[in-house]
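Visitor: Protein chains in written order, with my numbering: chain F, 866 to 1184; chain D, 31 to 663.
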Ligand SMILES: Nc1nc2c(ncn2[C@@H]2O[C@H](COP(=O)(O)OP(=O)(O)OP(=O)(O)O)[C@@H](O)[C@H]2O)c(=O)[nH]1
Ligand SMILES: [Mg+2]
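1. Against chain F, does residue 416 of chain D count as a neighbour if the rule is that its beta carbon must be under 8 Å from one of theirs?
2. Applying the 10 Å Cβ sphere with the 16-neighbour rule, what's the burial state of residue 1012 of chain F?
3. Quick one: complete beta strand (DSSP E) runs, 3+ long, within the segment 265-319 of chain D?
4. Over what stretch of residues does the beta strand (DSSP E) that includes residue 425 of chain D continue unbroken?
5. Taking 8 Å as the limit between beta carbons, can you name the residues of its chain near residue 875 of chain F, skipping five residues before and five after?
6. Looking at the unbroken beta strand (DSSP E) that takes in residue 162 of chain D, where does it start and where does it end?
7. Pull up the distance between the alpha-carbon of residue 653 of chain D and that of residue 507 of chain D, whole angstroms please.
8. According to DSSP, is residue 924 of chain F helix, strand or coil?
9. Which residue marks the beginning of the beta strand (DSSP E) containing residue 564 of chain D, and which one marks its end?
10. Can you name, in chain order, every residue of its own chain whose Cβ lies under 6 Å from the Cβ of residue 432 of chain D, other than the five neighbours on each side?
11. What are the boundary residues of the alpha helix (DSSP H) that residue 1000 of chain F is part of?
12. I'd like to confirm the pairing. Which residues does DSSP put opposite residue 383 of chain D in its beta bridges?
13. Tell me which residues share the same chain as residue 634 of chain D and place their Cβ nearer than 6 Å to its Cβ, disregarding the 5 neighbours each side in the sequence.
14. Taking the DSSP output, what are the residues bridged to residue 1145 of chain F?
15. Taking 7 Å as the cut-off, is the CB of residue 92 of chain D close to at least one heavy atom of ligand 2?
16. Residue 185 of chain D and residue 435 of chain D look like a contact to me (Cβ under 8 Å); what is the Cβ gap, rounded to whole Å?
17. By DSSP, does residue 971 of chain F sit in helix, in strand, or in coil?
18. Can you give me the C-alpha to C-alpha distance between residue 655 of chain D and residue 661 of chain D, rounded to a whole angstrom?
19. Under 6 Å Cβ to Cβ from residue 206 of chain D, same chain only, skipping five residues before and after it: list those, please.
20. Helix, strand or coil: which one does DSSP assign to residue 984 of chain F?
21. Using beta carbons (cut-off 8 Å, strictly below), is residue 1058 of chain F in contact with chain D?
22. Mind checking whether the beta-carbon of residue 198 of chain D lies closer than 7 Å to any heavy atom of ligand 1?
23. Which residues in the same chain have their Cβ closer than 6 Å to the Cβ of residue 201 of chain D, if we skip the five residues on either side of it in sequence?
24. Please indicate yes or no: does the CB of residue 67 of chain D lie closer than 7 Å to some heavy atom of ligand 2?
25. So, helix, strand or coil for residue 470 of chain D, using DSSP?
26. Take residue 153 of chain D as the anchor and find which of F:1018, F:1027, F:1000 has the nearest alpha-carbon.
27. If the cut is a Cβ gap below 9 Å, which residues of chain D does residue 920 of chain F touch?
28. Check whether the segment 1064-1072 of chain F and the segment 1001-1019 of chain F touch, using three or more Cβ-Cβ pairs below 8 Å as the test.
29. Hey, does residue 469 of chain D have any beta-carbon neighbour from chain F nearer than 8 Å?
30. Take residue 919 of chain F as the anchor and find which of F:933, F:949, F:1087 has the nearest alpha-carbon.
31. For residue 1054 of chain F, count neighbouring C-beta atoms within 10 Å of its own C-beta (all shown protein chains included) and say buried if the count is 16 or more, exposed if not.
32. Should the segment 392-405 of chain D be called in touch with the segment 173-184 of chain D, which here means at least 3 C-beta pairs below 8 Å?
33. Can you pull the chain D residues whose beta carbon is under 8 Å from the beta carbon of residue 904 of chain F, in chain order?
34. Residue 281 of chain D versus chain F: which residues are under 7 Å apart at the beta carbon?
35. Check whether the segment 117-130 of chain D and the segment 48-68 of chain D are in contact - that is, three or more C-beta pairs closer than 8 Å.
36. Is residue 42 of chain D close to chain F? Criterion is C-beta to C-beta, closer than 8 Å.
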C-alpha cells in the first residue's frame, strides 16, 4: 500500500486570503463525529458501538479511539455475526480488537443458528431478517444497551438521508420516520423513556468519498477484501459471488473461476457482489469509485427489492 | 485541468485538491410546492451525483408516483420516505451531498408545509445559507415570509431568493422584478446581510447549473455558480475562545483532560483561561489529540485540554479566555420558536440543554409573539406550535453563555418536555436579565451567613401581594412592629414609597410593572444578604414576576403572603380614592379594574382580611415564620 506523506496536523489547516484559519471539510466531519460520540458517552447509561468490520466501521472505530484518547473508548464493540461473513472479515476483526485492546461482544441469533438459517436455504430476505435484524435486537436487549453507534451515512440511501443523527427507537426497536424529534444546532436531546433506545450515526454527513479519503489520510487499516486480488467467484443473476467456503452449493454448470475482483461493501459473502477490478491501492480504489457510474449499494443483494425497502426494514428494527 | 480529467490522470493531485475544498452548508426553503425538492434533485442530477442504478430507479418511480407524467420527477430523488412519495410533498429534512471543483456542499431540503416548520428549523439551525424558493405564479406567500423570518432569526446571513417556475410565466422579467421588489419590502425589516435573487426553472434547469437562453435579461450567475462563489466564512476563529466541556478524561491518576469542541476562537498552550461558572483561573498546559499535541486548537475542532492547575471542572462547564469570558446568569431574555403541538406553558419546568449542559428552566409568559406575515409584535399568553416569541426564562443555576448573535453555539438552547422527553422548543439567548450576577462577582468575607448569625436570625423575604386596598401595608406594618418588639432586624419595602424614589421613572404599563417588581426583588435580595427579615408590600399582580422574585432567593427564603381581599371589599374601603378614579376612567391600568390580578396558586400564607382582625392576621404571619424556622418562638 502506498501512502502520501502526512503533513503534521497543524499544516493541514487551510489559510484563506484573509489569513484566517479554517478547517478542511474532513477535519470538520471528524470533529463533528467526535463531538457526537462524547455527547453519547456523557448522557447515555450503557452505550455500545456496532462494529460491522466494514470500512465505515473502521472509520467510526478510529474516530472513537481519537475521541477518548488517551483513554480507551468507554464502551464495548458489538458484532452481530450472521455466521455467513467472509472469513477474512472475522480474522481481521479479531486481530484488530486484540491490537487495540478493546472489548468485543459477538452475538449470533441462537434460534436461527439452531434452525440452520442461511441465505442459500432460506433466501436473502429471511436470512437477513432473522440473523441480522432479529439478532441485533436480541443482542441490544440482552445487554440492555440504550445507545448504539452505527456507521450508516446519509448518502447511502434515500431513507437514510432523512434520518436524524440521534435516531430514536421504541422499546420494540421501531423507527417512526414521520415523527422524528427536531435536531437543532449540535445540541442533541438524549432524554428517553425506559426501554427506548437510540441509534446514533456519527458518520451521517460523510460521503463514500470522504470515508475513503479519510482512510487514506489517516492510514486506517481495512479488510483486504476491499483491494483487488484473484479470488474464486461464480456469476449468479449478473452478480459475482465469491465462494468463501464449502457451504455454497454449486449448480451443475457452475465452476468457480479465479478473477481479479474486489468488494465495495462487505456483508454476508453470499449476499455481497464483487466487482472486477485491478485496484489494489487506496488511490486506485478511490479513482475507480469516482469513475464508476453505479452506487456502492448495488453490490448488496438485499436492497434491490423495492424503492422504500430500506425504510420498511428500518421500521422493523434493521439498523 | 478539469476535475474529472484529473481523476484519471493524477488521482493524488485530485485528492489533494479535494481535501482542501471549503464546505458550504445550505438549505432550500419556501412555501409548499414551490419546487425545493425538484431543485435539489436537479442540482444532484446535473452535478453527476446520481449513479446509473439510482437513475433507473428514478425513472421507474417517476412513472409510478411522479408528478410529471412520463418525465423524470426530480423531487423523488430527495423525497425518500414512503409517505412523501405517496403525497407528493416533503415531510422531513433530507440531507444530500455534492461537490464541485471548488466546494463541497451539504444541502438540507426542508419541507414547505406549515405543519412541518420545525423540520425546516432543524435544517436552518446548521445552515450558512438559505435558498428561498418562490413560485413565480404565486409570488411572496405567508410561508415564504415565515421561512425568511426563521432563517434570519437563526442567524442565516445569506439568502438566495430563487424565483422558480419561470417557465410557467413566460420567463418574464417583469414578474421576476415585481416579486423581488415585493420580497425586499418585507426583508428590509429583517436582518439579512446578504440577499441575492435569481430567476430559475428547477424543472427545465434554467439558471440552475448553467444559464438560461430564455432569460437573457438576467446577467448574474446561475444558482450553482453563485453557491460556489459566495463568501460565507463566518469568522468563528476571530471570536473569543470558548470550549464547553463535554467529558472529563481520566485514564489514570496522572492525566486529567477536558474533552470538548472549540466553540469559538483559538486556544494555545500558555493561554490564560477562566472556568465558568466557578470563575476559577488557570492556564492551558496541553492540547492533546491522538496524533500529537497541537500548537493551537481552532473553532470547530474537537480537542482535549489539560490545565496547569488542579481545579474541579465537570461536564457543562465552559473553559474560556480570561480576557473576554462569557457572561454568567440564570435569567435571560430569549427568542423562542415553539416546536410542539402542546403549547408552551409559562411557569412549567422544562429541561433546557445548552451546548453541553442540562438544567431546569422556567419560561415566563411571552412579552410578545411575532406575526410572521406582518412582523408585528402581538401580545401573547403562550406560544403555539411554530410560533415565535420573545420570552424571559429562568434556570435553576447560573450558566455561562454568549448572546446568540455573538456566538451561535454558546447562545443557543433547546427545551425538553419532562414527561414526553420531546424537544418542544428552540431558543436563542438575547441578553441576561441580571447583569449583576456576572462572573466578576466579589466574594466577600462577611457574607450572608455571617450577617445573619450576627443578628441571630434567618433572613427571609415576606412578600405581601394583593389588590390595592387589600391591607398589605397595614398588616406588614403590624408584623414589623412585633418583630421589632422581639428584637428582630427587619425592613419594609413599600410599593408607594419605592415609587417615590428608586422606581420614580416607572409607570403602570405591563412592562413597567415587571421592571418595578424586578428592582424591588433585587433590592430585597440585597437586604436578605444583609441578614434582614425583609417585608415587601407590593400589589405585584403577575405570577411570573413573583416567581422571578422567588427564584432570586434561596430555597425557603421566600414567603409569599397572599392578602386575599375580594375586589368588592377592597373597592368599598378605597382608602386612597383610587378605585373611584379608575371606575371613572381617570386612572388607566388599575389592577382589578382594567389590568389583571393573577392570584398566587400556592402561597406560603394566605390571609382573608374579610373575616380576620389585624391582630389575627399579624399573628398568623408570625406563626408562619416560627413554623418555617425563620424566627424562634
Ligand atoms: N413547470 C414547473 N414545474 C415545477 C418547477 N419546479 C417544480 N415544479 C413542480 O412543482 C411541483 C412541486 O415540486 P416539489 O419539488 O415537490 O416542491 P417542494 O417545494 O419540494 O414541495 P414541499 O417540499 O412539499 O414543500 C412538482 O410537480 C414539480 O414537478 C419548475 O421550475 N417549473
Ligand atoms: Mg420538497
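Ideal Cβ positions, reconstructed from N, Cα and C, are used throughout, including at glycine.
Guide: Quick answer:
1. no
2. buried
3. 272-279, 287-291, 302-306, 310-318
4. 418-431
5. Only weak support is given to the placement of residue 875 of chain F: the predicted model assigns it a pLDDT of 38, under 50, and the value that follows is read from those uncertain coordinates. Cβ neighbours of residue 875 of chain F beyond the five flanking positions: none.
6. Its beta strand (DSSP E) spans residues 159-165.
7. Taken atom to atom, the span from the alpha-carbon of residue 653 of chain D to that of residue 507 of chain D is near 16 Å.
8. helix
9. 563-567
10. 356, 440, 441
11. 1000-1008
12. D:388, D:444
13. 589, 590
14. DSSP output for residue 1145 of chain F lists no bridge partner at all.
15. No, since every heavy atom of ligand 2 falls outside the 7 Å radius drawn around the Cβ of residue 92 of chain D.
16. That belief holds up - the Cβ atoms of residue 185 of chain D and residue 435 of chain D are roughly 7 Å apart, short of 8 Å.
17. Correct three-state label for residue 971 of chain F: strand.
18. 6 Å
19. 193, 229
20. helix
21. Chain D contact via Cβ: present.
22. yes
23. The beta carbon of residue 201 of chain D is closer than 6 Å to those of 244, 245 in its chain, skipping five residues each way along the sequence.
24. yes
25. Summary for residue 470 of chain D: the model assigns pLDDT 46, below 50, so the residue's position carries little reliability; its value from the coordinates is reported in the next sentence. Here DSSP, grouped into helix, strand and coil, assigns residue 470 of chain D to coil.
26. F:1027
27. Contact note: residue 920 of chain F does not reach chain D at a C-beta cutoff of 9 Å; the least C-beta distance is about 16 Å.
28. Short answer: they touch.
29. Unreliable positioning characterises residue 469 of chain D in this predicted model, as indicated by a pLDDT of 43, which lies under 50. The coordinate reading is nonetheless provided below. By this cut-off, residue 469 of chain D is not an interface position.
30. Nearest C-alpha to residue 919 of chain F among F:933, F:949, F:1087: F:1087.
31. buried
32. yes
33. By Cβ distance, chain D contributes 276, 386.
34. Contact note: residue 281 of chain D reaches chain F through 935, 936, using a C-beta cutoff of 7 Å and chain order.
35. The segment 117-130 of chain D vs the segment 48-68 of chain D: in contact.
36. yes
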